[in-house]
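Here the structure comes first, spelled out in C-alpha cells, and everything after it is commentary.
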Amino acid sequence: MRILPKANPLYENISANNIVIPDVLEKLGNGGFTGYIHHSAPEFEFYGIFAKGKLLCALSCDAGRDKTGFEAIVLLFDKVILAGGEINVYRMTADLAVCAHALTIGNRLFNGEEVRQVDVKGTLARLKGLGTNGVVRFYTSERSAMMFYKDGLPIGFYHDGASSIESSPDESRKIAALPGARVEICSTKPLEELMQYDLLQMVNLQKVWESARSRNAVLRPKEFSPDGSSASEISEGKLLELVDDISEVASAYLARAGRAIVEKRIRELGGPSQLQDDTKRGLFLAQVEADAMEADAHARIDEMIDLMKSEIAGRLAV
-5 MRILPKANPL
5 YENISANNIV
15 IPDVLEKLGN
25 GGFTGYIHHS
35 APEFEFYGIF
45 AKGKLLCALS
55 CDAGRDKTGF
65 EAIVLLFDKV
75 ILAGGEINVY
85 RMTADLAVCA
95 HALTIGNRLF
105 NGEEVRQVDV
115 KGTLARLKGL
125 GTNGVVRFYT
135 SERSAMMFYK
145 DGLPIGFYHD
155 GASSIESSPD
165 ESRKIAALPG
175 ARVEICSTKP
185 LEELMQYDLL
195 QMVNLQKVWE
205 SARSRNAVLR
215 PKEFSPDGSS
225 ASEISEGKLL
235 ELVDDISEVA
245 SAYLARAGRA
255 IVEKRIRELG
265 GPSQLQDDTK
275 RGLFLAQVEA
285 DAMEADAHAR
295 IDEMIDLMKS
305 EIAGRLAV
C-alpha cells in the first residue's frame, strides 16, 4: 500500500466503530482541511487526500486490489460497517498534499527499479527541467525515505521514523545507497488543476452511507404468506430510494447523463417495482450499460454496473 508521511497528526488510532464516516469527511471539507485521512482494517486501507477542504482523491486497497474515486468511498463505508478499523488524520501544507496526491494516484515515472540501474542524478535533473510536482521515494524491505518536489525543486524530505518534514536529504541518500534499494518516482498536476476536482461535491455521502448500511445489514429470512408469496415485498418508498441510489451511482460516473439514463430505462421498464423481477432487472442493467457506453466509452462502466448490482441486491435482500 501507499506510504504517506505522518508528521503532523490531528487524530491518531481512533476506533471507527460507531463513527459516521460521512460526517467526518464533510466536517473536514467544511473546515477547509488540508492533509489526508487514513482508515485501516484487516487487509484493507483507505486514503483520502484533501486540499483546502476539497477531497482531491480517494484510494482503497482491499486484499491488494486498488479502487479509486467513488468506488473507493463505497468500499470504505462497507469496511467501516463490517470491520470497524482505525481512523488517522494528518495535516499537511497544500504543497505536500499535492505530493500525497502523486503518491496515492499519480503517474509512475519509475515504479520499483533498482537504484543501481537508474541514473539518479540525471533523473533528478530531468524532474527539474520538467517542473515536476511529486515524490521520489527510495526504499528497501525495511527502510523508506521520500523527497517532495514542487515545480521540479525539492521542498522537503521525510523518512520512516521521522516526526516532521525535514530540510536535509541526508537520510534519503543513505537509504538510496543501501544494498538492493529501489526507487519510485510519481508525479501529478499542479494544485490549481487538482482543486478543480472535489469528490465531496460529486458524491452524496449520506445516501452512499445509508445504502452501505442497508447492503451490509444482517439478512433476515424471508417470511411467506399462506399462498406462498413473499411477505417481505419491498415497499414503494424503498423502491424509489433504490432508484435514487442507482441514479446516484450513475451520476458519479457519467454526471447528469447517468441519472437521465437510469430514469429513462426505469420508465420504459414499467416502474421501480419491476426491478424485483430477475429477468426484467437483467434487461434494465443491460440497457443501462449500453446507454452508458454510448454516452462515454471511456468511463469505468463495468465498475458502475457492479455497484448498481450491489445496491439492488442489498435493497432487495433486506
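Note that this note's numbering gives residue 20 to position 26 of the sequence shown, counting from 1, and the numbers run on in steps of one.
Backbone N, C-alpha and C define an ideal beta-carbon position, used for all residues, glycine too.
By alpha-carbon distance to Gln268, the top candidate from Pro173, Leu236, Ala293, Tyr247 is Leu236.
By the Cβ-count criterion, Ile169 is buried, with 16 or more other Cβ atoms from all chains shown falling within 10 Å of its own Cβ. At a cut-off of 4 residues, the continuous stretches assigned as alpha helix (DSSP H) that sit fully inside the stretch 45 to 113 are 63 to 77, 88 to 99. In the assembly as shown, Ala206 is a buried residue. Its beta-carbon has 16 or more other beta-carbons within 10 Å.
If you draw a straight line from the Cα of Tyr133 to the Cα of Ala171, it comes to about 10 Å. Taking Lys144 as reference, the option from Val18, Leu121, Glu160 with the minimal CA-CA separation is Leu121. Put simply, the stretch 69 to 79 does not touch the stretch 105 to 123. Fewer than three CB pairs are less than 8 Å apart. Around the beta carbon of Asn127, a 10 Å sphere encloses 16 or more other beta carbons of the protein chains shown; the residue is thus reported as buried.
Taking the Cβ atoms as the reference, Ala244 lies roughly 5 Å from Val256, within the contact range of under 8 Å.
Lys274: member of the alpha helix (DSSP H) spanning 272 to 289, first to last residue. Pairing Ala293 with Ala286, the inter-Cα distance amounts to about 8 Å. Close CB contacts of Glu160 within its chain, under the 6 Å cut and outside five residues either way in sequence, are with Phe151 (chain order). Considered as a whole, the stretch 148 to 192 harbours 164 to 170, 185 to 188 as its complete alpha helix (DSSP H) runs of no fewer than 4 residues, in chain order.
Of the candidates Val129, Glu136, Gly265, the residue whose Cα lies closest to the Cα of Phe142 is Val129. Per the C-alpha coordinates, the member of Glu242, Pro266, Ile179 positioned closest to Lys232 is Pro266.
Residue burial is scored here from C-beta neighbours: Ile(-3) has fewer than 16 other C-beta atoms within 10 angstroms and is therefore classed as exposed. Cβ neighbours of Ser158 within its own chain (closer than 7 Å, five residues either side excluded): Ala1. In the DSSP assignment, Ile15 falls outside any beta strand (DSSP E) and lies within the alpha helix (DSSP H) extending over 15 to 24.
Counted as a single uninterrupted DSSP element, the stretch harbouring Ile(-3) is not any beta strand (DSSP E), since DSSP gives it neither H nor E. A contact is defined here as three or more CB-CB pairs under 8 Å, and the stretch 4 to 15 fails this definition with respect to the stretch 46 to 57. Apart from sequence neighbours up to five positions away, the residues of its chain that approach Ala156 with a beta-carbon distance below 8 Å are Pro(-1), Ala1, Glu165, ordered along the chain. Counting along the chain, Arg209 sits inside the alpha helix (DSSP H) bounded by residues 199 to 209. For Glu6, the enclosing beta strand (DSSP E) has its first and last residue at 3 to 9.
DSSP places Ser138 in the strand class (E or B) of the three-state scheme.
Assigned with DSSP and collapsed to three states, Ala35 falls in strand.
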